[in-house]
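A.B. asks: According to the working numbering, the stretch in the sequence shown is residues 29 to 175, in order.
Backbone N, C-alpha and C define an ideal beta-carbon position, used for all residues, glycine too.
Values in this document were obtained by computation on a predicted structure and should not be read as measured data.
First the structure, then my questions, so here it is.
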Amino acid sequence: MIGRVAAYDARTGRTREIAYRRDESARAAAQSIETTPLSSDDQNAVSPEELRDLLTASFPPLLIDVREPWEADIAAIPGNVLIPLTELPRRAPELDTGHPIVLYCHRGTRSRQALDQLLQLGFSDVRHLTGGIDAWAVRIDPTASRY
């Protein structure tokens, strides 16, 4: 049944086969997302390459993982502090408002939300990793598990 799906209509008792094939344009679009450079209008974004350089600088940022603990068990960037997005408003007072912060999640959506939350709470030097740990695994650390 490779390339086909069998459909059974229980009401009429009929079956039929539906042929399908891979949409190569969708696959190409998905791959381009992984390698798309940063948008220049997101001043609070950091690329995986920029984060790599920041983490080796003399004054590295505080790296905050806003994913859930089960996700952090799969893969994590070394040196991070795990504060799930749902806990961030309550735990924000633990953070130094004057220290640079970089947030990350799986693909960048939750870290962007966390960025907005911290900016509203008065943090000024906050950025988020574009593409999240998934982009980090593709572009910086191929040994990191992807999910």
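Going by other Cβ atoms of all chains shown within 10 Å of its Cβ, with 16 needed for buried, is residue 147 buried or exposed?
C.D. replies: Its Cβ having fewer than 16 others within 10 Å, residue 147 is exposed.
A.B. asks: Would you identify the three-state DSSP class for residue 162, choosing helix, strand or coil?
C.D. replies: In the structure shown, residue 162 sits in a helix (DSSP, three-state: H, G or I).
A.B. asks: If I follow the unbroken beta strand (DSSP E) through residue 90, where does it start and stop?
C.D. replies: Unbroken beta strand (DSSP E) run through residue 90: 90-93.
A.B. asks: Roughly how many angstroms separate the alpha carbons of residue 126 and residue 49, rounded to a whole number?
C.D. replies: The alpha-carbon atoms of residue 126 and residue 49 are separated by roughly 53 Å.
A.B. asks: In whole angstroms, what is the alpha-carbon distance linking residue 140 and residue 114?
C.D. replies: Their backbone Cα atoms lie some 13 Å apart in a straight line.
A.B. asks: Determine the closest residue to residue 161 out of 36, 30, 89, 175, with distance taken between C-alpha atoms.
C.D. replies: Taking only the C-alpha atoms, the option nearest residue 161 is 175.
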